[in-house]
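Visitor: Numbered by our numbering, the letters in the sequence shown go through residues 888 to 1295 in order.
We put the beta carbon where it would ideally sit given N, CA and C, even for glycine.
From a predicted model like this one, the values you see are computed outputs, not experimental measurements.
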Amino acid sequence: MLLRDTFKTAFKGVTVNINRSLLTMLGIIIGVGSVVAVSSVGKSMEGVILSQISSLGPKSMAIFPGQEQAGPQGVTTGFDSLTFEDLNELKKLKSIMTVAPVIFVQADTSYGREEGSPRIVGVTPEFFENQKLSASTGRLIDEEDVTGAKAVAVLGSDALDKFFGSQDPLGKRIKIGETYYTIIGAMDPVGSQFGQNVDDRILIPFSVAKNVSSQRYLNLITLQTAGSFDLAFDEIRMLLRYRHGISNPENDEKKDDFMVHSSEQANQILGSVSLGLTMFITTVAAISLIVGGIGIMNIMLVTVAERTQEIGLRKAIGGRRRDILLQFLAESVLLTVIGGLIGIVAGVIFAFFIAEIVELYLGSYRFAVSVQSMAVAFIMATATGIIFGLSPARTAANLHPIEALRYE
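1. What residue from V1008, G1078, F1167 and I1289 has the CA that sits closest to N1106's CA?
2. Taking 8 Å as the cut-off, decide whether the C-beta atoms of M948 and V1147 are in contact.
3. Ends of the beta strand (DSSP E) at E1065?
4. Could you pull out every residue in the same chain whose Cβ sits closer than 6 Å to the Cβ of D967, ignoring the five residues on either side in sequence?
5. Residues bridged to Q1111 by DSSP?
6. Can you check whether the CB of F1215 is closer than 8 Å to the CB of A1280?
7. Grab me the residues of K1097's own chain with a C-beta within less than 8 Å of its C-beta, minus the 5 sequence neighbours each way, in chain order.
8. Note the first and the last residue of the continuous beta strand (DSSP E) segment covering R1088.
9. DSSP three-state call for T1223: helix, strand or coil?
10. Under 8 Å between the Cβ atoms of P1005 and A1046?
11. My assumption, with CB atoms under 8 Å, is that I1231 sits in contact with F1265. Please give the rounded CB distance.
12. Using a Cβ distance threshold of 8 Å, determine whether the segment 1217-1230 contacts the segment 909-922, with at least three qualifying pairs required.
13. Taking Y1129 as part of the alpha helix (DSSP H), name the residues at either end of that continuous run.
14. How would you write the range of the alpha helix (DSSP H) that A1203 sits in, first residue to last?
15. Alpha carbon to alpha carbon, what distance is there between G1180 and L1013?
16. Using 8 Å as the threshold, is the C-beta distance between G1072 and G1025 below it?
17. Should K899 be labelled buried (16 or more other beta-carbon atoms within 10 Å of its own) or exposed?
18. So S1257 and S927 are in contact, right, with Cβ under 8 Å, and what is the actual spacing, rounded?
19. Measure the alpha-carbon distance for P1092 versus S931 and round it to whole angstroms.
20. Taking only the alpha-carbon atoms, compute the straight-line gap between I1133 and R1124 and give it to the nearest angstrom.
21. Going by Cα to Cα distance, which pick from T1223, T1109, N906 and K1049 is closest to T1011?
22. Can the beta-carbon of A1284 be found less than 8 Å from the beta-carbon of I1211?
23. Can you give me the C-alpha to C-alpha distance between M908 and L1164, rounded to a whole angstrom?
24. Tell me, please, which residues DSSP counts as bridged to S1149.
25. Quick check: the Cα distance between G1003 and G1058, rounded to an integer number of angstroms?
26. Rounded to the nearest angstrom, what separates V1189 and A1270 at their Cα positions?
27. Per DSSP, R1006 forms a beta bridge with which residues?
28. Leaving out the 5 sequence neighbours to the left and right, which residues in its chain are closer than 7 Å to M1267 when beta-carbon positions are compared?
29. When the Cα of V1235 is compared with those of S1260, L1213, V1245 and L1221, which residue comes out closest?
30. Under 8 Å between the Cβ atoms of I1274 and V922?
31. Among G1205, L1118 and A1036, whose alpha-carbon lies nearest the alpha-carbon of P1288?
32. What I want to know is whether the C-beta of S1053 ends up closer than 7 Å to one or more non-hydrogen atoms of the ligand MG.
33. For R1088 and L1222, what's the separation of their Cα atoms in angstroms?
34. Which one or two residues does DSSP pair with V992 in a beta bridge?
35. Would A924 and A1238 qualify as a contact pair, given that the criterion is a beta-carbon distance under 8 Å?
36. In the DSSP output, which residue or residues are listed as bridge partners for A1283?
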């Protein structure tokens, strides 16, 4: 029997009882669909994160106050641990090219009847350089604004949309707290950097924010390294530990009261997360495919029992053992191949809907399909059909024709 005829006959066998075939394929569909869906969502998120990392550049770093702990509480203590003296000492390090202090100001914001609460951030010109931020209209804060403590402001793209919509904001005055600030520019959309939404912000000169808040500590320090990332990281940590009296944070009760984050670390974390996600997907897929494979094997054994007389008749008129084995094996493979194709389509559709929902709320999410995971899942599904279909196929091929014809 030709291979084409074998699969043609196998297809007829699969479609005789379509409901049973669909139920049999369910495990394969779930296994393949979950692999494709989770991989596609992961690939999409990876693309978003990588775009944010690449926008910062490989030399970007940020120092946060506080002590980072595992668990849901995260940063718990030390919000005032970064001082202006720390900033001055950091500027002396040769491994650092630019340093930009940041102060957050708590204040209500309004323009006309429109009110909101975007984050008010006091920055220097170096902040825009370190964070790779650019103006969509107008200009950014410069050194003259800082030294002159001018009441000017630059809007993030979300803040611009909220307060001004399609209006030209340049020259208009927005009320922040009890002070009116003249809008000098707006930033291009960025999204998130170091876990914070840059677009929902209003930036004012650092000197103004310092005077308004009256706080004696910094909320954030951003910087660009001059050369080696590892050298800069070690020097920053050594300097701040020395200044904060932290001698042995691994063993002493007094732990680091600051956190140094970087685009390089984000890349490493992303790699670890991707590896963990891959292992999780592989485990889920393997379990689903094994369950699906066992289901296919049981159904094929039932099919062999139901068609015992047919098998005996084919053998009695000269049907070869090899042809019968291939036919039943082909039926198993067809079940897994069709189930795999349905799973791929279902996984892509599910990932697409997830992308639409996430984009609705985040706005920077781009749908991407993991072709590699689709190929791997399809190959695994086909292999499942061969492995779990072999035993029923051998059972059918080894039936004695006389005993098969007597079977009722």
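Guide: Short version:
1. V1008
2. yes
3. Where E1065 is concerned, there is no enclosing beta strand (DSSP E), given that its DSSP letter is neither H nor E.
4. Y1104
5. S947 and T985
6. yes
7. I990 and G1009
8. R1088 to P1092
9. helix
10. yes
11. 7 Å
12. yes
13. F1116 to R1130
14. T1195 to A1203
15. It should be noted that the sequence gives Glu, not Leu, for residue 1013. So the two alpha carbons sit approximately 60 Å from each other.
16. yes
17. exposed
18. 5 Å
19. 36 Å
20. 10 Å
21. T1109
22. yes
23. Checking the sequence shown, residue 908 turns out to be Ser, not Met. When rounded, the distance between both Cα atoms is 31 Å.
24. M948
25. 20 Å
26. 21 Å
27. R1088
28. A1172 and L1176
29. S1260
30. no
31. G1205
32. Within the structure as shown, the ligand MG is missing, as the structure has no ligands at all.
33. 55 Å
34. I1007
35. yes
36. Answer is none; A1283 lacks a bridge partner.
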